[in-house]
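What follows is one structure encoded as structure tokens, with my remarks underneath.
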Amino acid sequence: DVKVTQSSRYLVKRTGEKVFLECVQDMDHENMFWYRQDPGLGLRLIYFSYDVKMKEKGDIPEGYSVSREKKERFSLILESASTNQTSMYLCASGTSYEQYFGPGTRLTVT
Amino acid sequence: AQSVSQHNHHVILSEAASLELGCNYSYGGTVNLFWYVQYPGQHLQLLLKYFSGDPLVKGIKGFEAEFIKSKFSFNLRKPSVQWSDTAEYFCAAFGNDYKLSFGAGTTVTVRA
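Going line by line, the protein sequences match chains D and C.
Each residue of the first sequence is one higher than the one before, counting from 1 in this note's numbering.
Each residue of the second sequence is one higher than the one before, counting from 1001 in this note's numbering.
In structure tokens, the structure reads:
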């Protein structure tokens, strides 16, 4: 079974903290994605990567950065967390034909 | 820019009713299309997908979707819903730009 794992299910951080969300996949997929999911807004693409060290902005990259040093790992970084970044964060990996999602990290910024 | 739109925000049905959820995408090139479902408290999971060939694709749990290229649409259907189909449904498109874009989702509530 394909596994996409995320480092935390729940996270509470303070405003201004630097936050790292980690995602690891075990299927040697080239493409990896970070989304945030908010009620009524669906999944919005933050960043994606189609190769190691490659990154592309999605639809809402402001306030976020990413890192992909190894094929299996894709990290999302909030340089200075703000309350409007409270959300569910989903990581996915896959090909153009199949994508797999992690369980999500519910981040609360207070 | 590539985008996906879903027509309905919330649909309420009775059991045994038929379901159709609309999805349109705006992308001129080759695109692969997907429907995902998220049951309450669970991960996103794939319902069905279209790459090429027969425009009517069948997925899990009795769902099907029809790709109509001229209308840039990929609507999801189920002839007779069950209470267990209560979930949020997302349409998604993957294009040559490597982006996987989602619609805003449709919440489906099936009343027993």
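Where is the CB? At the ideal position from N, CA and C, for every residue including glycine.
So that I know if they touch, is there some Cβ in chain C lying closer than 8 Å to that of residue i?
i: Q6 of chain D; result: no
i: S96 of chain D; result: yes
i: L107 of chain D; result: no
i: N31 of chain D; result: yes
Relative to the C-alpha of residue i, which residue among the options is closest?
i: L43 of chain D; options: D:Y97, D:E98, D:G102, D:L90; result: D:L90
i: S65 of chain D; options: D:K55, D:K71, D:R73, D:G40; result: D:K55
i: Y50 of chain D; options: D:E62, D:F33, D:S82; result: D:F33
i: F1102 of chain C; options: C:Y1025, C:N1008, C:A1017; result: C:Y1025
i: S75 of chain D; options: D:F48, D:V109, D:T95, D:G58; result: D:F48
i: L1019 of chain C; options: C:N1008, C:G1028, C:L1033, C:G1053; result: C:N1008
i: Q1082 of chain C; options: C:S1005, C:G1053, C:A1016, C:Q1006; result: C:A1016
Would you say residue i faces chain D, with C-beta separation under 8 Å as the test?
i: K1061 of chain C; result: no
i: K1099 of chain C; result: yes
So, is residue i buried or exposed, given that buried needs 16 or more other C-beta atoms within 10 angstroms?
i: K3 of chain D; result: exposed
i: K70 of chain D; result: exposed
i: E1088 of chain C; result: buried
i: L41 of chain D; result: exposed
i: K1099 of chain C; result: buried
i: K1058 of chain C; result: exposed
i: T105 of chain D; result: buried
Based on DSSP bridge pairs, tell me the residues matched to residue i.
i: M27 of chain D; result: None, per the DSSP bridge assignment.
i: Q99 of chain D; result: D:G94
i: I1012 of chain C; result: C:T1109
i: V109 of chain D; result: D:K13
i: M32 of chain D; result: D:S49, D:S93
| In chain order, which alpha helix (DSSP H) runs of at least 4 residues are fully inside the segment 1018-1098 of chain C? | none
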